[in-house]
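Written out below as structure tokens is the structure these notes cover.
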Amino acid sequence: MSPPITAVTSAAAAGSAGAPLPHITAVTSGKGGVGKTFVCANLAAALARTGRRVLVLDADLGLANLDVVLNLYPKITLHDVFTGKANLGDAVLPAPGGFSVLLAGSGMVEYSRMTPEVRDQLQALVAEVAPKFDHVLLDTGAGISDVVLYTVSLAAEVLIVATPEPTSLTDAYATIKVLATTQGRRRLHLLVNQVRRPGEGRGVRAQLQQVVDRYVNPTLEPGSGAVRLELVGEVPADPAVREAVQRRQLLLETMPGTAAAMALVNAAVRMPA
Ligand SMILES: Nc1ncnc2c1ncn2[C@@H]1O[C@H](COP(=O)(O)OP(=O)(O)O)[C@@H](O)[C@H]1O
Ligand SMILES: [Mg+2]
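Take 3 as the starting number for the sequence shown in my numbering and just add one per residue.
Next comes the structure, spelled out in structure tokens:
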């Protein structure tokens, strides 16, 4: 679903890519290490099971590690595409779990700062590859740097991953505020990872929504709508996750009966599309 016209206009004003493409979801977070890459890979597997063609793009250009989580050793990466050494089609690889990936690889360190050239390349690449898929997930970096914000601006929808930790919530709030004010985002999806008890995700959503209602919504341009957070799901803190990541396997493939795997399957159903 496309964001309202105001979102597109404000995104362009903020120096971003302009009209974000539909069926692209940026998976981002305020704080690092909250589980974005793990969530992206396993959500992609869950979405692929429903028959959709799914692509995950490792957009955490400076600190790419989707390849590590999926145990892939790519010969061709985004770096090769950007430098003209390979075609985009050759860089799209099949991943375990039945989805496709575009990996950044470790040669991408120089892209940790966004230059106009990288912006254009990234936008062109996403625009070229996205129509071949039903759903594209951008596994972005954390925080509110220009690199992260630009990558997020390429997506029509945003999924914020947060844990119930106070530091993660504070950083998630900062991300929400910046996306609302610089990109005109009004609908943001939330996945609460590493919850310690059932229902904690709903509590986190309510808490964040309350802060947004108090400090962000009153400051927005009158008539532009209010920011609303939609909970996609909560995933419990589960030792099986650490084990799967350690073994470089998809949780959904190797331990599908675990609480975290089942939570991700449920979350996939409520993903924006
Ligand atoms: N639900 C969970 N339960 C337990 N550990 C988790 C869970 N989600 C993530 N982790 C741990 O957090 C680590 C960091 O996750 P990662 O996806 O790399 O974070 P990010 O991409 O946000 O930096 C994982 O390697 C895993 O060990
Ligand atoms: Mg990551």
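For glycine and all other residues, C-beta sits at the position ideal for the given N, C-alpha and C.
In this structure, Gly-203 lies near Glu-236, with their beta-carbon atoms less than 8 Å apart.
Residues of the same chain with a CB within less than 6 Å of the CB of Arg-207, apart from the 5 flanking positions on each side, are Leu-192, Leu-231 and Leu-233 in chain order.
By the CB criterion at 8 Å, Thr-39 and Val-160 fall outside the cutoff. Relative to ligand 1, the nearest heavy atom lies less than 7 Å away from the CB of Pro-238.
A direct Cα-to-Cα measurement between Leu-210 and Leu-139 gives close to 24 Å.
Per DSSP, Glu-202 lies in no beta strand (DSSP E) segment; the continuous alpha helix (DSSP H) that holds it begins and ends at 202 to 217.
Each of Leu-156, Tyr-152, Asn-195 and Ser-147 was checked against the Cα of Ser-170, and the nearest Cα belongs to Asn-195.
The shortest CA-to-CA distance from Arg-198 to any of Ala-261, Gln-212 and Thr-256 is the one to Ala-261. Under the three-state reduction of DSSP output, Pro-76 falls in the coil class, being neither helix nor strand. Remark: the shortest separation between the CB of Thr-39 and any heavy atom of ligand 2 falls under 7 Å. In this structure, the CA atom of Ala-263 is about 15 Å from the CA atom of Arg-272.
In the DSSP assignment, Leu-95 falls within the unbroken beta strand (DSSP E) covering 94 to 97. Excluding residues up to 5 positions away in sequence, Ser-102 lie with their Cβ nearer than 7 Å to the Cβ of Pro-96 in the same chain. Residue pairing by DSSP places Leu-156 opposite no residue, since no beta bridge is assigned to it. Under the three-state reduction of DSSP output, Val-237 falls in the strand class. Under the three-pair Cβ rule at 8 Å, the stretch 129 to 138 counts as touching the stretch 40 to 56.
For Arg-250, the closest of Leu-49, Leu-72 and Ala-66 by C-alpha to C-alpha distance is Leu-72.
For Asn-268, the enclosing alpha helix (DSSP H) starts and ends at 261 to 271. For the pair Ala-46 and Gly-99, the CB atoms are nearer than the 8 Å cut-off. One thing to note: Asn-44 has its Cβ within 8 Å of the Cβ of Leu-254. By the criterion of a C-beta distance shorter than 6 Å, Thr-165 is surrounded in its chain by Val-36, Asn-195 and Gln-196, once the five residues flanking it on both sides are discounted. The shortest C-alpha to C-alpha distance from Gly-32 to any of Gly-143, Ala-269 and Asp-92 is the one to Gly-143.
Residue burial is scored here from C-beta neighbours: Pro-118 has fewer than 16 other C-beta atoms within 10 angstroms and is therefore classed as exposed. Taking C-beta separations shorter than 8 Å and ignoring five residues to either side along the sequence, the partners of Thr-177 in its chain run Thr-30, Ser-31, Gly-32, Gly-145, Ile-146 and Ile-162, following chain order.
In this structure, the beta-carbon distance from Val-149 to Leu-63 falls below 8 Å. Relative to ligand 1, even the nearest heavy atom lies 7 Å or more away from the CB of Ser-114.
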